[in-house]
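Numbering (the numbering used here), first residue to last: 4 to 233.
The following block contains the structure:
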């Protein structure tokens, strides 16, 4: 496997040091590692794209996000994909003891949508600095990121309250909502579009990516040709 990966154009792989995490949150399914990796990469690079293995890109559709992040009309962390369920459906109630959500300030629509953290566009700025500060504090506390009694499995139908808990995804969604609401409440004259605004580019993804899960391995796929530098 490593021989194949080393043939990928402009590819660098790193081994994550789980020992930097508290022992209580080192289990991979707690997903504390994910938040720490994002913080580590943003410390090195001003902008990054996080994508799980199931994300497929069909063409370069990032500039619409980059331009709006640069001019400040959208926040520095964008989650282009919807989960199909609400935030309260996939967040354990004990989580709010650590990071409260501005429920009373959020429009009704926002209670119905959780955005997926499997694909994120993240730019280093004051907004993401605040978000990651609180996200890391939560990730280092087991009772926050993975409250006792929570389960990661979200079963259909996606209705009800706290039927599952999505660890890093719950953290990032709720912090995103809180921070975007703070920006809107500041009342600046400059336009700003939250994740729920129909002027946010995530509302019209234009098919430049897709989330593909649980597909069989294509053994006829020419891996070396696909990853070769042009």
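Built from N, CA and C at the ideal position, the CB exists for glycine as well.
In this structure, what does DSSP give as the bridge partners for residue 144? DSSP output for residue 144 lists no bridge partner at all.
Residue nearest to residue 143 in terms of C-alpha spacing, selected from 16, 13, 39, 6: 39
Check whether the Cβ atoms of residue 97 and residue 150 sit closer than 8 Å, and answer yes or no. yes
Three-state secondary structure (DSSP) at residue 59? strand
Considering only their Cβ atoms, is the gap separating residue 177 from residue 126 smaller than 8 Å? It is not a contact, given that the beta carbons lie outside the stated cut-off.
Beta-carbon separation (whole angstroms), residue 197 vs residue 203, contact threshold 8 Å: 7 Å
From 51, 44, 104, 57, pick the residue whose C-alpha is nearest to that of residue 183; which is it? 104
DSSP three-state assignment for residue 178, whether helix, strand or coil: helix
Between the alpha carbons of residue 225 and residue 7, how many angstroms are there, rounded? 11 Å
What does the alpha-carbon distance come out to for the pair residue 95 and residue 10? 42 Å
Assuming residue 121 and residue 84 are in contact, meaning their beta carbons sit under 8 Å apart, how far apart are those beta carbons, in whole angstroms? 7 Å
For residue 54, report the span of its beta strand (DSSP E) as first-last. 50-54
Those residues which DSSP pairs with residue 213 across a bridge: 59
Quick one: does the C-beta of residue 218 sit closer than 7 Å to a heavy atom of the ligand NAP? The ligand NAP is not part of the structure shown, which contains no ligands of any sort.
Helix, strand or coil: which one does DSSP assign to residue 82? coil
Do residue 57 and residue 205 have their C-beta atoms closer together than 8 Å? no
Distance CB(residue 195)-CB(residue 27) smaller than 8 Å: no
Could you tell me the distance, in whole angstroms, from the CA atom of residue 29 to the CA atom of residue 137? 18 Å
Answer with buried or exposed for residue 188, where buried requires no fewer than 16 other C-beta atoms within 10 angstroms of its C-beta. Counting every other CB atom within 10 Å of its CB across the protein chains shown gives residue 188 a total below 16, marking it as exposed.
Could you work out which residue in 15, 13, 35, 14 is closest to residue 23 when comparing CA atoms only? 35
Pick from 99, 87, 132 that is closest to residue 49, judged by C-alpha positions: 132
Counted within 10 angstroms of its Cβ, other Cβ atoms place residue 119 as buried (16 or more) or exposed: When all chains shown are included, residue 119 counts as buried.
With DSSP collapsed to three states, give me the class of residue 164. DSSP, read as helix, strand or coil, puts residue 164 in coil.
Beta bridge counterpart(s) of residue 21 as assigned by DSSP: Residue 21 pairs with nothing; no bridge assigned.
Exposed or buried, what is residue 180 when buried is set at 16 or more other beta-carbons lying within 10 Å of its beta-carbon? buried
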